[in-house]
Amino acid sequence: MLQVPVRNGTGSAASTKAVILVGGPSRGTRFRPLSLDVPKPLFDVAGHPIIWHCLRAVAKVPGIREVILVGYYDEAVFRDFSRDAAKEFPHIRIQYLREYQALGTAGGLYHFRDAF
1 MLQVPVRNGT
11 GSAASTKAVI
21 LVGGPSRGTR
31 FRPLSLDVPK
41 PLFDVAGHPI
51 IWHCLRAVAK
61 VPGIREVILV
71 GYYDEAVFRD
81 FSRDAAKEFP
91 HIRIQYLREY
101 QALGTAGGLY
111 HFRDAF
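In full-length UniProt numbering, the protein residues as written are 1 to 116.
Quick look at the structure:
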């Protein structure tokens, strides 16, 4: 099982956060027609959105109490999902941070570095 590293010699990893990059809307055609109505992170796989599977995996890691989703989708896209996921994973705080423009992988991480 994945273990969260202990930091600062305190013996506590309670402040460890997970970051999930969710991307943003694009003009890509690989998932059409599915992607015309549903954002890719919310595609159903085995009865749940793709991002739910990521959250389920994170929920199994001891010490992680907060998950930050970073992307360029409008906040409303994840509102219902976040509400439902908060009920299913009550021990994890889920927060969505929206990029002001599409920044790419490193750009999103750098822009919100103080939140991590």
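Quick reminder that beta carbons are idealized off the backbone N, C-alpha and C, glycines included.
What you are looking at is a predicted structure, and each value in this text was computed from that prediction instead of being measured.
Give a yes or no on whether the C-beta atoms belonging to residue i and residue j are separated by under 7 Å.
i, j, result
"leucine 21", "valine 70", "yes"
"tyrosine 100", "glycine 24", "no"
"glutamate 75", "arginine 56", "no"
"alanine 18", "valine 58", "yes"
"isoleucine 94", "valine 67", "yes"
For residue i, which of helix, strand or coil comes out of DSSP?
i, result
"histidine 91", "coil"
"alanine 13", "Legend: pLDDT at alanine 13 = 48, less than 50; position of this residue unreliable, value from coordinates given subsequently. Here alanine 13 sits in coil by DSSP."
"valine 67", "strand"
Note down the Cα distance separating residue i from residue j, rounded to an integer number of angstroms.
i, j, result
"glycine 63", "threonine 16", "7 Å"
"glutamine 110", "histidine 91", "Looking at the sequence shown, residue 110 is not glutamine but tyrosine. One C-alpha to the other measures close to 27 Å."
"glycine 108", "tyrosine 96", "12 Å"
"phenylalanine 31", "phenylalanine 43", "10 Å"
"leucine 103", "valine 38", "21 Å"
"phenylalanine 116", "arginine 65", "12 Å"
"alanine 106", "cysteine 54", "20 Å"
By DSSP's criteria, residue i is part of a beta bridge. Which residues make up the other side?
i, result
"isoleucine 51", "None, per the DSSP bridge assignment."
"aspartate 44", "Pro49"
"glycine 24", "Per DSSP, none; premise fails for glycine 24."
Provide the residue span of the beta strand (DSSP E) that contains residue i, from first to last.
i, result
"leucine 109", "Counting along the chain, leucine 109 falls outside any beta strand (DSSP E), though it belongs to the alpha helix (DSSP H) covering 104-111."
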